[in-house]
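If you read the sequence shown in UniProt numbering, its first letter stands for residue 1, the second for the next number, and so on.
Structure first, then comments.
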Amino acid sequence: MGSIAIIGAGNVGQAIAGHMSCNGHDVRIFDRWGRDLEPIKANDGIDMTGDVEGRGTPSVLTTDLGQAVGGAEVVIVAAPAFAHAYLSQELASVLEPDQLVLFQPGVLGSGVELARMFTLAGRRPCLIAETPTSLYTCRLRRPAHVYIGAIKHAVPLAAVPSADTPRALDILRTYFGDRYVPGEDTLTVGLNNCNPIYHVPPAVLNFKTVEDADCHPLHSLVTPRVAEVIDALDRERLALADALGVKAASFWEFLDTAYEVTEGSFVERIVQGYGRQGFPEPDSVKHRYFTEDIPFGLVTWSSLAAQIGLPLPLTDSFVALGTALCGQDFVAGGRTARTLGLLGSDVDGVRAAFIDGAV
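Shown next as structure tokens:
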């Protein structure tokens with residue numbers, strides 16, 4: 001059995017920790033403030049229902065990052081995207097070259113950001129990989145009780161540099177079997193993150209229900225016209241991928257790969273893919289569909305597109321609307337070409353950072 005450290009004790013972090021400890025692995029969980037660890041301590045573990053049934057008991061619950069990751073073969077970052085910059089800086093000071101860090105899920109640039117932190121620290125990097133989406137579709141029903149709606153069949157994974165991808169997959173096979181599959185590189189993997197495509201349009205275009213905290217299932221807010229907006233936003237993402245020389249799957253192809261949904265109208269396919277989970281829409285402006293998917297999804301796409309002279313008008317519109325609705329400057333607080341050290345880069349410069357790890 002292996003040793004795995006989970007960074008973050010939210011939905012995904014507790015799902016991974018519970019499942020891995022049930023499977024016999026040594027699991028440590030790090031939470032910066034410790035608030036999310038207290039219910040796990042009180043419950044003497046993490047209870048799981050859904051696709052995985054049982055109770056997992058992590059061996060270590062800690063607010064000490066060094067204690068969590070020291071000696072762990074695999075370190076999984078399951079923290080919100082807005083914490084990635086802080087965590088990358090801290091991890092670059094404590095991780096050793098023989099360890100693997102997996103951003104699961106990552107957002108475009110997570111791996112590049114960590115690789116850059118190692119460079120700035122003057123340290124040899126560990127093995128770095130990321131995925132475009134979480135392997136687990138999950139929600140905490142209550143503290144220390146996680147519902148796992150599905151474990152995806154094939155989630156692409158890539159390393160920085162991409163030549164390290166086979167080694168990362170080989171290590172992870174011990175823990176997750178063959179559910180991770182090779183991605184071309186982290187640019188391709190990052191641009192295949194469809195979360196902003198599905199999360200942002202229904203939330204922004206139905207904002208009254210957010211303010212009223214109606215908690216309707218998100219998929220129920222996708223009308224035929226909202227589905228067309230989702231498709232139009234997706235086409236801009238695909239245009240960016242094409243301009244950067246990578247192949248990205250459409251949102252509809254993602255539904256096929258992740259949930260084996262292949263038939264029906266746009267709305268019908270969304271219901272088939274997400275209806276069983278019935279996860280609710282955002283109930284406040286602090287929800288991650290706003291605080292993650294806009295500043296660390298749409299803003300990043302827009303910023304990289306601007307570097308290469310590609311207009312993304314609908315993407316920019318959702319950034320502007322989200323900023324106004326939520327009262328936060330998502331551009332100033334988001335991941336941009338500047339924060340990735342790519343300001344002034346052309347297509348070749350962007351590709352070199354994401355594919356070759358030239359940071």
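Ideal Cβ positions, reconstructed from N, Cα and C, are used throughout, including at glycine.
Just so we're clear, the structure is a prediction, and the values are computed from it rather than from any experiment.
Can you tell me the Cβ-Cβ gap for residue i and residue j, rounded? I've got them flagged as a contact below 8 Å.
i	j	result
Phe296	Phe30	About 20 Å; that fails the 8 Å criterion.
Asn11	Arg141	Rounded, the Cβ-Cβ distance is 10 Å, inconsistent with contact.
Ser220	Leu238	So it is not a contact: roughly 26 Å between Cβ atoms.
Val322	Val200	Per the sequence shown, the amino acid found at residue 322 is Gly instead of Val. Right, their Cβ atoms sit about 7 Å apart.
Glu236	Leu312	5 Å
Pro161	Cys126	About 13 Å; that fails the 8 Å criterion.
Tyr259	Gly273	4 Å
Leu233	Phe318	7 Å
Tell me the rounded alpha-carbon separation between residue i and residue j.
i	j	result
Thr63	Gly50	29 Å
Ala241	Ala332	23 Å
Leu314	Glu292	18 Å
Ile355	Ile294	24 Å
Arg124	Ala163	16 Å
Glu268	Gln104	28 Å
Thr262	Phe118	42 Å
Thr91	Val74	The question names Thr, yet the displayed sequence has Leu at residue 91. So the two alpha carbons sit approximately 13 Å from each other.
Gly24	Val299	40 Å
Ile7	Val347	33 Å
Leu172	Trp252	27 Å
Ile308	Ala243	8 Å
Tyr198	Pro80	17 Å
Pro217	Phe279	5 Å
Just mark residue i as buried or exposed, buried being the case when its beta carbon has 16 or more other beta carbons within 10 Å.
i	result
Gly327	exposed
Arg338	exposed
Thr281	The amino acid at residue 281 is misidentified as Thr; the sequence shows Glu. Answer is buried; the Cβ neighbour count reaches 16.
Trp301	buried
Tyr86	exposed
Ala154	exposed
Val69	buried
Ser303	buried
Ala72	buried
Ala213	exposed
Val210	buried
Gly334	buried
Leu61	buried
Gly106	buried
Tell me which same chain residues have a C-beta within less than 6 Å of the C-beta of residue i, skipping the five on either side of it?
i	result
residue 400	Outside the displayed span of the chain (1 to 359) sits residue 400, for which this structure offers no information.
Phe266	Ala227
Gly190	Leu108
Ser3	Asp26, Ala72, Glu73
Phe254	Cys194
The beta strand (DSSP E) with residue i in it runs from where to where?
i	result
His199	Premise fails: His199 lies in the alpha helix (DSSP H), 195 to 205, not in any beta strand (DSSP E).
Ala129	127 to 130
Leu140	136 to 142
Val181	180 to 182
Pro156	155 to 159
Gly56	54 to 56
Asp47	46 to 50
Asp348	No beta strand (DSSP E) holds Asp348; the alpha helix (DSSP H) holding it covers 347 to 356.
What is the residue span of the alpha helix (DSSP H) that residue i lies within?
i	result
Leu325	313 to 326
Ser117	The identity of residue 117 in the sequence shown is Met, whereas the question assumes Ser. Taken as a continuous stretch (DSSP letters only), the alpha helix (DSSP H) holding Met117 covers 110 to 121.
Leu65	65 to 69
Arg28	Arg28 -> not in any alpha helix (DSSP H); beta strand (DSSP E) instead, spanning 26 to 30.
Looking only at its own chain, which residues have a Cβ that is under 8 Å from the Cβ of residue i, when we skip the five neighbours before and after it?
i	result
Phe176	Leu135
Ala324	none
Within the same chain, show all residues whose beta-carbon is closer than 7 Å to that of residue i, passing over the 5 residues directly before and after it, in chain order.
i	result
Ala352	Ala358
Ala17	Ile6, Val27, Ile29, Ile46, Gly56, Pro58
Leu65	Phe30, Glu90, Val94
Ile128	Val101, Gly111, Leu114, Ala115, Ala159, Val160
For the ligand HEM, is there a heavy atom less than 7 Å away from the beta-carbon of residue i?
i	result
Val94	No copy of the ligand HEM appears in this structure; indeed no ligand is present at all.
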